[in-house]
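Working notes, structure below.
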Amino acid sequence: LCCECGQAHPLLDNHLYNFQDEVDDELICHICLQPLLQPMDTPCGHTYCFKCLENFMQEYNFCPMDRKKLSFQQCHKSSLLVRNLLDKLIVLCPFKAECQQTMQRCELEAHLQNRCPGFKKYKSELQRKRNPISKGKEEPPAKGEANTPKDPELPSGGSSLVAESSGAAVVSLGTAEPGLVNPAFEETEEGENLPQRTSLVAETTTIEIHREDPEEELGMRIVGGKDTPLGNIVVQEVLRDSVIAADGRIAPGDHILEVNGVNISSVTHCQAVSFLRHPGPVLHLMVLQEKGFSNKTAQQDSTSTTREVIHVTLVKRDRSEPLGIKLIRKTDEAGIFILDLLEGGLAAKNGKLSRNDRVLSINGQDLRQGTPEAAAQIIQTTESRVNFVILRQSGVQLGEPVEDGSTSNSSSSSSNGGSPVHHRRRPEQSHYRRKSNYQKKTVAIKKEPKESLGITIGGGRDNKNKLPIYVTSVQPIGCLFRDGRIKRGDVLLSINGIDLTHLNYYEAVSALKSNAASHSVTLKALEILSLNSPEPSLDIREQGFSWSPLWITWLGLPSYLHFCQDIVLTKGNLESWGFSIVGGFEESKGNQPFFIKTIVPGTPAFRDRKLKCGDEIVAVNGVPATGMSNSELIPMLKEQRNKVTLTVVSWPGSLV
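Read left to right, the sequence shown gives residues 1 to 656 (full-length UniProt numbering).
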């Protein structure tokens, strides 16, 4: 079923709708005999659907109604009035059994994606049919059941790309979270004689930034936060001639872990912005930086000193209770190691296990040559007492995790990149859901002809990010300040019937000025409603900055305001694409958009320079990604041998 209209139709055909009332014949396309979609006017005065007319003109050179000579280039988009009338036609939800709601036609897609129980049920059933083993991965196996074995380790040292359905479907930089899958680091079929490059080199660094003016912007844009699928705070862009650019040590793709000793790897986006905007002459940042692939495995730290065998017993209240332990393998040493203890989990509360402990056995079963999956199964099938024997040695840095990792939550992961873990890691994130977090409003005001609107605007389709027009300030002189309904951050849709959504900045300024001369002005706008309450003092901290909406506010815009661009990546047979993704549909969490989380230095995605961290993937090779799970999208990316076209929406990160 189509994710926009909820009905079955060929990909290139018009959407189908169930209209509540009979539609006026003047609004009917005389090619498909359905109410018009994306109406186009001909010079001879007839109106057809865009797709209907486009398909017709590929075979004929005349108007379907009066057969006058016609070319598609002569036709133009119908007036805003006609398009608005069509968008406001009332339609029925196609899932009548579960949902009896009616809505305007333009609101159906958002209804299906966010509110319709019937469409949610359909997606869940589809997911189960396509991936019947996913449920088994999300629930603890019963006694005696064996986990599905992972692919064997490849001779080339590359990782097997496992399409997981649990967790946030991250293809990520060594965060061995449940559900990690990684198209950035694929195996090669030719690889037995290739040099090994199992290690994705990543380092944590503490950087001291000095500012002559304590209030000066750092000059970088950030994305992410625990309230988004990205989880971590990631640098999207470093602005030219800024404090950060002058320092030269922070680059796009770096993960910011701490600000002045405060761990921000587990805070919301708004909180991270607040920390980074805090004024001060000196700023201490701890960042995680990817350095690219290494052709040799990481070397063991030669400063290892003492070894100690420790016995630890954890008691579960019932068999399904997770211990909150993340287990990984290393590239250069056999066995299983503790990557992290999840905050608030049973192991963390017990306090006797530590990161980088090597697990020798669990409940008497020897795991010196074991795998994280084997350990997870022992833990999951244990009713109460879980007895660990671990080896602890000081002075050793955690190596790179290879193809598999696991947690006691019965989730497995696949990651070929690791990172040194001598920083505090974030607890499990709360997952972001795309919501219709905006409301439309129409503001009609009477004014003096010479009275200004009193607003400043930003954005425009000529902007680098192709943004819609939005209000950057409402000045205390002018009719809109007096009226009080238009606010900073509102997206302007139209003024006196003139569509502003496709205009560049200067065209929008001209349209606003010319219509401001009228006695009455009608503005249509979208007010962005915050998904998360920002810090109370955030607006105050913004006063010294060139104001623009936070990155997280753009994520809730309706799809018709998105500007999609195609990015074509090419690679050699032995290369990986070099980017990581997070997001996708899960039965327990619903639809989440796919985001670019990391871009690995030295790879095709890095060299192309167009893809950015925080970009949303809308389609792959023209196939929409909406509603897909990671287990559907990952194989699509992996199957593309030398070329892939990514359709993405790019929103600017929050300026700090």
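We treat Cβ as the ideally placed atom computed from N, Cα and C, and that holds for glycine.
Tell me the rounded alpha-carbon separation between residue i and residue j.
i	j	result
proline 279	threonine 442	39 Å
threonine 553	leucine 655	13 Å
proline 601	glutamine 74	47 Å
asparagine 350	lysine 330	25 Å
glycine 253	phenylalanine 337	27 Å
isoleucine 498	leucine 480	18 Å
valine 259	threonine 206	10 Å
valine 644	leucine 637	8 Å
histidine 431	leucine 230	Confidence in histidine 431 is poor, its pLDDT being 35 and thus under 50, which makes the residue's placement unreliable; the coordinate value appears in the next sentence. Cα-Cα distance, rounded: 9 Å.
threonine 371	lysine 352	22 Å
aspartate 66	aspartate 13	24 Å
glutamate 343	serine 266	10 Å
glutamine 289	leucine 339	18 Å
cysteine 93	leucine 108	7 Å
proline 10	leucine 529	35 Å
aspartate 366	asparagine 387	12 Å
cysteine 270	serine 548	13 Å
histidine 76	methionine 40	5 Å
glutamate 217	glutamate 616	26 Å
alanine 184	glycine 614	Because the pLDDT of alanine 184 is 42, which lies under 50, any placement of that residue in the model is unreliable, and the number read from its coordinates should be weighed accordingly. Cα to Cα, alanine 184 sits roughly 16 Å from glycine 614.
alanine 347	glycine 584	30 Å
phenylalanine 19	alanine 110	17 Å
aspartate 21	glutamine 104	12 Å
aspartate 566	isoleucine 328	36 Å
tyrosine 505	glycine 459	6 Å
aspartate 247	histidine 255	17 Å
glutamine 640	phenylalanine 595	19 Å
glycine 478	lysine 466	28 Å
arginine 482	arginine 277	31 Å
serine 629	serine 559	19 Å
Applying the criterion that 16 or more other CB atoms from any shown protein chain within 10 Å of the CB defines a buried residue, is residue i buried or exposed?
i	result
valine 649	buried
isoleucine 222	buried
glycine 627	buried
glutamine 439	exposed
glutamate 632	buried
glycine 484	exposed
aspartate 25	exposed
glutamine 113	buried
valine 582	buried
histidine 46	buried
valine 623	exposed
Look at the Cβ atom of residue i, then the Cβ atom of residue j, and state whether they are nearer than 9 Å.
i	j	result
valine 491	leucine 526	yes
proline 652	leucine 561	no
cysteine 32	cysteine 49	yes
histidine 519	proline 476	no
valine 243	isoleucine 209	yes
threonine 598	serine 576	no
valine 315	serine 384	yes
glutamine 38	leucine 16	no
leucine 391	aspartate 357	yes
leucine 257	valine 287	yes
valine 282	arginine 211	yes
valine 509	glycine 489	no
alanine 444	threonine 501	no
isoleucine 233	glycine 219	no
valine 620	cysteine 564	no
leucine 569	leucine 611	yes
glycine 572	asparagine 515	no
leucine 493	lysine 524	yes
alanine 334	arginine 355	no
What residue range does the alpha helix (DSSP H) around residue i cover?
i	result
tyrosine 505	505-516
threonine 553	551-554
glutamine 377	372-380
serine 274	269-276
asparagine 621	Where asparagine 621 is concerned, there is no enclosing alpha helix (DSSP H), given that its DSSP letter is neither H nor E.
alanine 245	243-247
Can you round the beta-carbon distance between residue i and residue j to whole angstroms, since I take them to be within the 8 Å contact cut?
i	j	result
threonine 382	arginine 461	Not really, about 59 Å apart at Cβ, beyond 8 Å.
glycine 118	cysteine 99	5 Å
serine 71	asparagine 84	So it is not a contact: roughly 28 Å between Cβ atoms.
What span of residues does the beta strand (DSSP E) with residue i cover, start to end?
i	result
phenylalanine 388	385-393
glutamate 258	255-259
cysteine 564	564-570
aspartate 87	From DSSP, aspartate 87 is part of no beta strand (DSSP E) but of the alpha helix (DSSP H) over 80-87.
alanine 444	438-446
Any heavy atom of the ligand PLP closer than 8 Å to the Cβ of residue i?
i	result
lysine 129	Absent from the structure shown: the ligand PLP. Ligands present: none.
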